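First to last, the protein sequences are chains A and B. Position one of the first sequence corresponds to residue 20 (this note's numbering), numbered consecutively onward. Position one of the second sequence corresponds to residue 23 (this note's numbering), numbered consecutively onward. Read through the structure below, which is laid out as structure tokens, and then see the notes.
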Amino acid sequence: MADLLTTPLNAMHRELGAKMVPFAGYDMPVQYPAGVMKEHLHCRASAGLFDVSHMGQVIVRAPDGYAEAAKAMEALVPVDLVGLGEMRQRYGFFTNEQGGILDDLMLANRGDHMFVVVNAACKTGDIAHMRAGLPGCEVEEITDRALLALQGPAAEAVLEAMVPGVAAMQFMDVGIFASEFGELWISRSGYTGEDGYEVSVTEDQAEALARALLAQDAVEPIGLGARDSLRLEAGLCLYGHDIDESTSPVEASLIWAIQKARRAGGAREGGFPGADRILDEIANGAARARVGLRPEGRAPMREGTPLFEAAEGGAPVGQVTSGAFGPTIQAPMSMGYLPKPLATEGTVIYGEVRGKRMPVRVAKLPFTPANFKR
Amino acid sequence: MKFTEEHEWLRVEDDLVVVGITEHASEQLGDVVFVEMPEVGTQVTKDDEVVVIESVKAASDILAPIDGEIVEINEVLADTPGKVNDDPTGDGWFFKIKPSDLGQLDEYMDETAYQDYIS
Numbered sequence: 020m021a022d023l024l025t026t027p028l029n030a031m032h033r034e035l036g037a038k039m040v041p042f043a044g045y046d047m048p049v050q051y052p053a054g055v056m057k058e059h060l061h062c063r064a065s066a067g068l069f070d071v072s073h074m075g076q077v078i079v080r081a082p083d084g085y086a087e088a089a090k091a092m093e094a095l096v097p098v099d100l101v102g103l104g105e106m107r108q109r110y111g112f113f114t115n116e117q118g119g120i121l122d123d124l125m126l127a128n129r130g131d132h133m134f135v136v137v138n139a140a141c142k143t144g145d146i147a148h149m150r151a152g153l154p155g156c157e158v159e160e161i162t163d164r165a166l167l168a169l170q171g172p173a174a175e176a177v178l179e180a181m182v183p184g185v186a187a188m189q190f191m192d193v194g195i196f197a198s199e200f201g202e203l204w205i206s207r208s209g210y211t212g213e214d215g216y217e218v219s220v221t222e223d224q225a226e227a228l229a230r231a232l233l234a235q236d237a238v239e240p241i242g243l244g245a246r247d248s249l250r251l252e253a254g255l256c257l258y259g260h261d262i263d264e265s266t267s268p269v270e271a272s273l274i275w276a277i278q279k280a281r282r283a284g285g286a287r288e289g290g291f292p293g294a295d296r297i298l299d300e301i302a303n304g305a306a307r308a309r310v311g312l313r314p315e316g317r318a319p320m321r322e323g324t325p326l327f328e329a330a331e332g333g334a335p336v337g338q339v340t341s342g343a344f345g346p347t348i349q350a351p352m353s354m355g356y357l358p359k360p361l362a363t364e365g366t367v368i369y370g371e372v373r374g375k376r377m378p379v380r381v382a383k384l385p386f387t388p389a390n391f392k393r
Numbered sequence: 023m024k025f026t027e028e029h030e031w032l033r034v035e036d037d038l039v040v041v042g043i044t045e046h047a048s049e050q051l052g053d054v055v056f057v058e059m060p061e062v063g064t065q066v067t068k069d070d071e072v073v074v075i076e077s078v079k080a081a082s083d084i085l086a087p088i089d090g091e092i093v094e095i096n097e098v099l100a101d102t103p104g105k106v107n108d109d110p111t112g113d114g115w116f117f118k119i120k121p122s123d124l125g126q127l128d129e130y131m132d133e134t135a136y137q138d139y140i141s
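Given below as structure tokens:
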């Protein structure tokens, strides 16, 4: 354990009775005494506080400001960043030459620069990738800030009382707010399918902010366990599981994140790694697709479960990439890849669990409706 | 009541042995969401995998603690697996086994020994 990194909230997690586990090189809370199920349901009903300080926060600056940084970054991601409004954020991904996904990330236009949030497990590689791929830009890793997420229907009222102005933000707005906890970098976004905020706070103020939030009746701490079941119910991908270097954005059903300007016939068509394959797949379809899966019994079909077309015989046609029990839907749920002809809602296929093939239905994503503030 | 190192409890009721998991085990597992039971009438040998418990975290096996025949399973757990967390030593029992040799229970811990074992 000596080699694990810690976030500024480590002591607080322990004091709250969290069970700590190694995650992406960090010592992180997987659950608190309430447990995964209660934490999950609390977040959907009220508000949950997540420590996501392990994620990478990066500022990209160019001499001529945001527009130049955006233009440079468009060489690495198939996202319309030039057309991104000031103080707005978009979801995107770094692609490789084969059209696979190197990481998924959030990119924000903060007026004179770009702010980027990347996955913990990929951040070293992502920062090197940006430094090599963004000539003329300065890529600064922010190492003196924690990142908290406050998610759920009560998030708006709780945060507005402490940071006036955040209630007026729309989904995917970003803002910089002065507060009693210093300067906060806030976005109205998250990884749960609920309304909520992600709040970057200086490390010396992080614990004070977290405690002030937890002091509210509506707010309970949520660990990585419930974070995973919440994002899976919301149909959101986990990098390294549902998407990776071998999956294209089209296969991953993430075409929505590639705006018109970057597609065939758009103002800045292509020009990102793997564009040939990705634009071809947008035009002609991919051979397989990421789908939602609802097992018909109660047994969860977890990551790695092989999927078959028939109840007997044949080779696997795909496999589960994430699977768990959904506390809100009170049923097991999975995501996985299937050949296009099978990837239609309602198709029944079979997942092999402990040597037995169990029926599973291709289902709509998300499993729970999104509650974003639009 | 007897206890195994696998955190099962065994309670003799008439000529049958009722099997479940301990409070400690249910806490470690986290919220149980699915229990896969053996068929009534199955002949089991000690250490056979007889039950699969799926929790919010992972799947775990329950091993047959003794030789015998499964004569009853706790049907309630099919729809309310959370009973394993709510009342692990009561309503959350798994199965009843008709032992081939009750003497096999002798090797297991009593409550005091088990409390020492988990502390």
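Yeah, the Cβ is synthetic: ideal placement off N, Cα and C, and Gly gets one too. These numbers were taken from a predicted model, which means no experiment stands behind them.
Distance between beta carbons of residue j and residue i, contact taken as under 8 Å
{"i": "Thr111 of chain B", "j": "Glu45 of chain B", "result": "7 Å"}
{"i": "Met74 of chain A", "j": "Asn138 of chain A", "result": "6 Å"}
{"i": "Ala343 of chain A", "j": "Leu251 of chain A", "result": "6 Å"}
{"i": "Asp89 of chain B", "j": "Gln126 of chain B", "result": "7 Å"}
Residue i to residue j span [Cα, whole Å]
{"i": "Ser82 of chain B", "j": "Gln117 of chain A", "result": "39 Å"}
{"i": "Lys90 of chain A", "j": "Leu153 of chain A", "result": "9 Å"}
{"i": "Asn394 of chain A", "j": "Lys68 of chain B", "result": "The question about residue 394 of chain A has no answer, for chain A in this structure spans 20 to 393."}
{"i": "Cys156 of chain A", "j": "Asp83 of chain A", "result": "10 Å"}
{"i": "Pro358 of chain A", "j": "Phe190 of chain A", "result": "33 Å"}
{"i": "Leu233 of chain A", "j": "Val177 of chain A", "result": "10 Å"}
{"i": "Ala229 of chain A", "j": "Gly209 of chain A", "result": "17 Å"}
{"i": "Met20 of chain A", "j": "Lys38 of chain A", "result": "Reliability of the predicted coordinates at Met20 of chain A is poor, the pLDDT of 47 falling under 50, and no value is obtained from them."}
{"i": "Ala276 of chain A", "j": "Gly285 of chain A", "result": "14 Å"}
{"i": "Pro314 of chain A", "j": "Val78 of chain B", "result": "15 Å"}
{"i": "Glu94 of chain B", "j": "Glu76 of chain B", "result": "20 Å"}
{"i": "Pro87 of chain B", "j": "Lys120 of chain B", "result": "12 Å"}
{"i": "Gly296 of chain A", "j": "Asp261 of chain A", "result": "It is Arg, not Gly, that sits at residue 296 of chain A in the sequence shown. Their Cα atoms are separated by approximately 19 Å."}
Residue i: first and last residue of the uninterrupted alpha helix (DSSP H) it sits in
{"i": "Met149 of chain A", "result": "142-152"}
{"i": "Ile140 of chain B", "result": "133-140"}
{"i": "Ser77 of chain B", "result": "From DSSP, Ser77 of chain B is part of no alpha helix (DSSP H) but of the beta strand (DSSP E) over 71-77."}
{"i": "Arg246 of chain A", "result": "243-252"}
{"i": "Asn128 of chain A", "result": "That residue, Asn128 of chain A, is in no alpha helix (DSSP H); its beta strand (DSSP E) goes 120-128."}
{"i": "Ala30 of chain A", "result": "29-34"}
{"i": "Met181 of chain A", "result": "174-181"}
{"i": "Lys68 of chain B", "result": "Premise fails: Lys68 of chain B is in no alpha helix (DSSP H) and is neither H nor E."}
Residue nearest to residue i in terms of C-alpha spacing, selected from the options
{"i": "Asp99 of chain A", "options": "A:Lys279, A:Ile368, A:Phe344, A:Phe391", "result": "A:Lys279"}
{"i": "Thr363 of chain A", "options": "A:Pro351, A:Val381, A:Met354, A:Met352", "result": "A:Val381"}
{"i": "His61 of chain A", "options": "A:Pro172, A:Lys359, A:Gly201, A:Gln76", "result": "A:Pro172"}
{"i": "Gln76 of chain A", "options": "A:Tyr216, A:Gln108, A:Leu166, A:His32", "result": "A:Leu166"}
{"i": "Met354 of chain A", "options": "A:Val71, A:Gly104, A:Pro385", "result": "A:Pro385"}
{"i": "Leu124 of chain B", "options": "B:Glu30, B:His29, B:Val39", "result": "B:Val39"}
{"i": "Ile78 of chain A", "options": "A:Thr266, A:Arg164, A:Gly67, A:Val40", "result": "A:Arg164"}
{"i": "Gln108 of chain A", "options": "A:Glu87, A:Val135, A:Pro292, A:Ala88", "result": "A:Val135"}
{"i": "Asn115 of chain A", "options": "A:Ser265, A:Asp223, A:Asp261, A:Ile277", "result": "A:Ser265"}
{"i": "Pro97 of chain A", "options": "A:Thr340, A:Leu298, A:Gly332, A:Ala231", "result": "A:Leu298"}
{"i": "Val220 of chain A", "options": "A:Ala168, A:Leu326, A:Leu23, A:Pro325", "result": "A:Ala168"}
{"i": "Ala318 of chain A", "options": "A:Glu222, A:Pro48, A:Lys142, A:Pro351", "result": "A:Pro351"}
{"i": "Ala237 of chain A", "options": "A:Ala64, A:Leu35, A:Lys57", "result": "A:Ala64"}
{"i": "Trp31 of chain B", "options": "B:Asp37, B:Tyr130, B:Gln65", "result": "B:Tyr130"}
{"i": "Pro378 of chain A", "options": "A:Glu300, A:Glu331, A:Pro388", "result": "A:Glu331"}
{"i": "Lys375 of chain A", "options": "A:Thr366, A:Pro325, A:Ala151, A:Ile241", "result": "A:Pro325"}
Residue range of the unbroken beta strand (DSSP E) whose run includes residue i
{"i": "Gly42 of chain B", "result": "38-43"}
{"i": "Ala168 of chain A", "result": "164-170"}
{"i": "Gly311 of chain A", "result": "307-314"}
{"i": "Gln235 of chain A", "result": "Gln235 of chain A -> no beta strand (DSSP E), and no H or E assigned at all."}
{"i": "Ile119 of chain B", "result": "117-121"}
{"i": "Ala302 of chain A", "result": "No beta strand (DSSP E) contains Ala302 of chain A, which is instead part of the alpha helix (DSSP H) from 294-303."}
{"i": "Arg63 of chain A", "result": "Per DSSP, Arg63 of chain A belongs to no beta strand (DSSP E); it is in the alpha helix (DSSP H), 55-64."}
{"i": "Lys38 of chain A", "result": "38-42"}
Same chain only: Cβ atoms within 6 Å of residue i, ignoring 5 sequence neighbours per side
{"i": "Tyr356 of chain A", "result": "Arg307, Arg309, Gly337"}
{"i": "Pro60 of chain B", "result": "Val72, Ile92"}
{"i": "Asp145 of chain A", "result": "Asp122, Val137"}
Contacting residues, own chain, Cβ-Cβ under 8 Å from residue i (five flanking each side not counted)
{"i": "Glu328 of chain A", "result": "Val336, Leu361, Ile368, Tyr369"}
{"i": "Ser248 of chain A", "result": "Val55, His59, Ala343, Phe344, Gly345, Pro346"}
{"i": "Met106 of chain A", "result": "Ala127, Asn128, Arg129, Gly130, Asp192, Val193, Gly194"}
{"i": "Asp263 of chain A", "result": "Gly119, Ile120"}
{"i": "Thr290 of chain A", "result": "Residue identity differs from the one stated: residue 290 of chain A is Gly in this sequence, not Thr. Around Gly290 of chain A: Glu93, Ala94, Arg281."}
{"i": "Thr25 of chain A", "result": "Tyr45, Asp46"}
{"i": "Met31 of chain A", "result": "Glu226, Ala229, Arg230"}
Beta-carbon proximity list for residue i, same chain, < 7 Å, skipping 5 on both sides
{"i": "Gly259 of chain A", "result": "Ala140"}
{"i": "Asp214 of chain A", "result": "Pro172, Ala174, Glu175, Asn390, Phe391, Lys392"}
{"i": "Ala302 of chain A", "result": "Ala283"}
{"i": "Arg207 of chain A", "result": "Met188, Gln189, Phe190, Met191, Asp192, Tyr216, Lys392"}
{"i": "Lys105 of chain B", "result": "Val98, Leu99, Asp113, Gly114"}
{"i": "Leu28 of chain A", "result": "Asp70, Ser72, Ala165, Ala225, Glu226, Ala229"}
{"i": "Thr211 of chain A", "result": "Cys62, Gln170, Leu249, Arg250, Ala253"}
{"i": "Glu87 of chain A", "result": "Ala81"}
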